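Colleague:
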Amino acid sequence: MASITRIRACDYLFHLNVFRSSFFKKNGTQSALWFHSSAPKHVIELKMPSLSPTMTSGTIVNWHKKEGDTISPGDVLCEIQTDKAVMAFETEEEGILAKIYVGDDSSDVQVGSLIALLAESGEDWKNVQDSETSKISSEISPKPEKSNNFIEVSQQSEGFSKKSMILGPAVRGLLQRYGLSPSNILASGPRGLLKGDVLLHIQKENLKPVPISPIEKPIISSKTAVVESKKPAVAKATVKVQNLTHEQEYQDLELSSMRRTIAKRLTASKTGIAHAYNTVNCKVDSVMNLRQKFKNEGIKFSINDIIIKAVATALDLCPDVNVIWKGDQLIQPTTVDISVAVATNSGLITPIVTDVLARGVLEIGDAVRDLAERARGGKLQLHEFQGGSFTISNLGMYGVNEFSAIINPPQCAILAVGGSRLELGDGGKPVTVMSATLSYDEEAISPVAAAVFMSTVRSLLESPQSLLLGHRSLLT
Amino acid sequence: MFSITLRSLGRQVHQQNKSLAPLFTYSKNGLNTEASFDTKPFKLHKLEEGPSTSVTLSRQDALKYYKDMQMIRRMETAAGNLYKEKIIRGFCHLYSGQEACCVGMRASMRSYDAVITAYRAHGWTYMMGVDPVGVLAELTGRSTGCARGKGGSMHMYVKNFYGGNGIVGAQQPLGAGVALALKYQGTDGVCLTLYGDGAANQGQLYEAMNIAQLWKLPVIFICENNGYGMGTSVDRASASTNYYTRGDYVPGIWVDGMDVLAVREATRFAIDHCATGKGPMVMEVVTYRYSGHSMSDPGTSYRSRDEIQEVRQTRDPITGFRERMLSTNLATADELKDIDQEVRQVIEDAVKRAKSDKEIGLEELTADISCNPIDTRVRGVTAFDTLSHRRLGPAVNNH
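Each protein sequence line maps, in turn, to chains A and B.
If you count by the UniProt record's numbering, then the first sequence holds residues 1 to 476, one letter each, in order.
If you count by the UniProt record's numbering, then the second sequence holds residues 1 to 399, one letter each, in order.
(1) Do B:Leu392 and B:Glu359 have their CB atoms nearer than 8 Å?
(2) Are the CB atoms of B:Gly227 and B:His293 within a distance shorter than 8 Å?
(3) Check the C-beta distance from B:Gly282 over to B:Phe221 and give it rounded, since I have them as a contact under 8 Å.
(4) Are B:Val351 and B:Ala78 touching if we call contact CB-CB under 8 Å?
(5) Name, please, each residue of chain B whose Cβ falls closer than 8 Å to the Cβ of A:Met397.
(6) With distances taken between CB atoms, is the gap from A:Thr432 to A:Asp285 smaller than 8 Å?
(7) Any beta-carbon of chain A closer than 8 Å to the one on B:Gly80?
(8) By a C-beta neighbour count over all protein chains shown, 10 Å radius and 16 as the cutoff for buried, is A:Pro209 buried or exposed?
(9) At 8 Å on the CB atoms, spell out the chain A contacts of B:Thr300, in chain order.
(10) Just the chain B side, please: which residues come within less than 9 Å of A:Val111 by C-beta, in chain order?
(11) Determine whether the Cβ of A:Pro40 lies closer than 8 Å to any Cβ atom of chain B.
(12) Just to confirm, does B:Ala78 get its C-beta within under 7 Å of one of the non-hydrogen atoms of the ligand MG?
(13) Report the residue ranges of all beta strand (DSSP E) runs contained in full by the region 261-309 of chain B; include only those spanning at least 3 residues, in chain order.
(14) Could you have a look at A:Lys126 and say whether DSSP puts it in helix, strand or coil?
(15) Pick out whichever of B:Gln309, B:Gly299, B:Glu207, B:Arg264 has its Cα sitting closest to the Cα of B:Thr53.
(16) Check whether the Cβ of B:Thr140 lies closer than 8 Å to any Cβ atom in chain A.
(17) Could you tell me which of A:His201, A:Ile71, A:Lys264 sits nearest to A:Leu186, measuring between CA atoms?
(18) Leaving aside the five residues before and after A:Leu315 along the sequence, list all residues of the same chain whose C-beta is less than 7 Å from its C-beta, in chain order.
(19) Quick check on the burial criterion: 16 or more other C-beta atoms within 10 angstroms. Buried or exposed for B:Asp385?
(20) Here's a check: name, in chain order, each residue in its chain whose Cβ is nearer than 7 Å to the Cβ of A:Gly365, leaving out the five neighbours to either side.
(21) Could you confirm whether any beta carbon from chain A is found closer than 8 Å to the beta carbon of B:Gln309?
(22) Compare the C-beta of A:Lys47 against all C-beta atoms of chain B and say whether one is closer than 8 Å.
(23) Got a sec: is the Cβ-Cβ distance from A:Ser50 to anything in chain B below 8 Å?
(24) Use the C-beta contact count for B:Ser356: other C-beta atoms within 10 angstroms, 16 or more gives buried, fewer gives exposed.
(25) Inspect the CB distances between the region 84-99 of chain B and the region 170-190 of chain B and report whether three or more fall short of 8 Å.
(26) Which residues of chain B have a Cβ atom closer than 7 Å to the Cβ of A:Pro73, listed in chain order?
(27) Is B:Thr287 close to chain A, meaning its C-beta is less than 8 Å from at least one C-beta of that chain?
(28) How is the alpha helix (DSSP H) around B:Phe91 delimited, first residue to last?
(29) Which same chain residues end up closer than 6 Å to B:Tyr65 when comparing Cβ atoms and leaving out the 5 residues on each side of it in sequence?
(30) Nearest to B:Arg315 by CA position, among B:Ala100, B:Lys46, B:Tyr83, is which residue?
(31) For A:Pro211, would you say it is in contact with chain B, using Cβ-to-Cβ distances shorter than 8 Å as the test?
(32) When DSSP labels each residue in this structure, what does B:Lys159 get in the three-state scheme?
(33) Provide the residue span of the alpha helix (DSSP H) that contains B:Tyr134, from first to last.
(34) Buried or exposed for A:Val86, going by 16 or more other Cβ atoms inside 10 Å?
(35) So, is B:Val381 buried or exposed, given that buried needs 16 or more other C-beta atoms within 10 angstroms?
(36) Residue range of the alpha helix (DSSP H) that A:Ala170 falls in?
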């Protein structure tokens, strides 16, 4: 039942033997089959089937048959996970499963790609394996032209966006349709090109619309986004804020590719990871007092720096939370590297403070300020924002009380820190309270481990001197 | 189960198919030219006498039935594959498992008898004279399709074949109408009107049966009972699953639809009945479909895979017929294998053409809408822009 094409193995044999080849051609293929019935006559290619109307690729969960097994009509060959469900892939063919190209647990197999070969019953299936494999592997080798193609297109689109003038949708549509560049057309509008200018130009030059090639469009939207996001630095600030006048009802804002990528990854994280949440309120008067005391002595650090130190210490005390995914494997790094969320014009980026345990609060502060500054200038190296075992996102400086963040895989947890506020404490005394919310991957971290971690963070922040104590300070 | 009559050992063997001719140089000797079999007993409703359960089969017919059934099976397999490659889009209902029904009925039909069926129409289209290219290219929407690629799966037509019909049960009264036309024209032609066990519960069938009985119309109402109306088994859908009795005042026959010979005999009997002015008849053909209801039904959520495999192994119309031919020495295993190869080749070539042939141009958008258009203007997007109607293809079934 698969997508099946037959290859006449006989045709292939022609290439091997010149004498036979000329002989067969004279007599026709039919007689060739008669004379050499021992050679495999037909090989049936089984291709990845589309088992749902919207399926474009799928996962082969497991094969029910193995190489050399006899196949009869109606047999289930393998289980395939489509975009909707796991379905049995049946065949209407008869023969021997000669070769499996895509084994168990193969994900993202494109519809129409070759997954197995079927030989006719009674044929030497091992023979089929050898002779067909080379032929088919050359057929399915990837086409290199693809990459060239999209670079070209991405350059083109970049050239477009560099233009400072505002192009309305009608203008853009016309330019695209007639393959024009806005710089070649005389602009008469207060902010650049008008639709009338383009129409006039088209009429003058007597232009015809260029035929639209169907492949261009998807490449622009998807591929360029991926390419640009790989650039280490924050891409040029693309959003230009212009004052809207009453003549313009709206203005098109360009979304940076970085934001698109972030959105895509966050959507995948939020939908694909079992997010669980855990909030604690910490009384941070001691930390505030400590900071003030040092400040009076001329030593400056921020509350955030000490939060980073406290979280790192807590991760050291509760190593069950200091975990990341490596593929399907959960691993525990030996150091604590903390990603710190930094807002830039084109989106959020998380540079890493490495080996926090080995750093003092002042060194942490220096590292954070240096990384944040370079992040805003778009000068971070790849290794400076990729990796990390835990993320802290602090929106306290904006007056946010409490929020929850989305886990950044392959990490398993992220701490969202709110601002401090005054509350009525024991005996009617005012206390400064800060809320922190942990989002964690419940597959990797148990709720109890998360709770122990959060209470450790709280106790470390409530009595910063316990940062000195080490492992025995862990609450029982 | 069957008695074998050996006759005419030395009789001249006629073989229409030239590609098989060389085989006869060594396979002629020792082969029978005719054999007789016993079919499963027919069940009768309001009939004194039924068709004969003892049937004779000539070697020539046997080879033809075998080839036709194989052709339909392979064609449907190819259609399923093309669908899974997303080359055939939309609706697609496969006939695999039910081949003996249309092949058996066609064997008893005369050239001027008519057929109208439901959406499972590929096999019938082939049997009524469209080659596999015509069927598969229609499914892929190419100009070489039997409706120039404009119809698709359920809309195939050819001389005396009034189509697959997409609306469940709608063909039942239409079939009675075709029978009325045949009678009105003064022929003794009969219209075979097919429907499934699901559509058998529709009210319009009983309205059509009533008028057909009243006016003694030459129509055979044929219920192809494959056990399931979409995903509902007959037991859950029908108060009475004896579909051959459900015409009440219309006589009925129950036939084993997995036996091409039984179907052929029953159809011959029914055609005789209708053509001699005795009015309509109901024929229940009990069969089985291997694939799901349509391509979007995996076909295993309402029945077990074991059930399907058991039917394949014990009741398959092609395997059963092949065994009969071999055991009565009507054909050799090699001969049948060669037919299989030839069928494979025909379907392979048809698939190639169905993939590569051209689609019709936009100018045919308004072509062949009516057979005899009175007004040749066709309304466009608005009432103010009209397109003109064109007549291109020959009008089939134009009286």
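Note that CB positions come from ideal geometry on N, CA and C, so glycine has one too.
Just so you know, these numbers come straight off a predicted model, no measurement behind them.
Modeller: So, from the data block:
(1) no
(2) no
(3) The amino acid at residue 282 of chain B is misidentified as Gly; the sequence shows Val. That pair is a contact at about 5 Å.
(4) yes
(5) Neighbours of A:Met397 on chain B: none; closest Cβ ~53 Å, over 8 Å.
(6) yes
(7) yes
(8) exposed
(9) Ala88
(10) Lys84, Glu85, Lys86
(11) Reliability fails at A:Pro40, whose pLDDT of 47 lies under 50, so the model's placement of it is uncertain and the value that follows must be treated cautiously. No - not a single Cβ of chain B is within 8 Å of the one on A:Pro40.
(12) Within the structure as shown, the ligand MG is missing, as the structure has no ligands at all.
(13) 281-286
(14) helix
(15) B:Arg264
(16) no
(17) A:His201
(18) Val321, Asn322, Val336, Phe390
(19) exposed
(20) Phe301, Ser302, Asp305
(21) yes
(22) yes
(23) yes
(24) exposed
(25) no
(26) Arg312
(27) no
(28) Counting along the chain, B:Phe91 falls outside any alpha helix (DSSP H), and DSSP gives it neither H nor E.
(29) Val103, Val260
(30) B:Ala100
(31) no
(32) coil
(33) Here residue 134 of chain B turns out to be Gly, not Tyr, going by the sequence shown. It spans 132-139 - the alpha helix (DSSP H) in which B:Gly134 sits, taken as one unbroken run.
(34) exposed
(35) exposed
(36) 169-178
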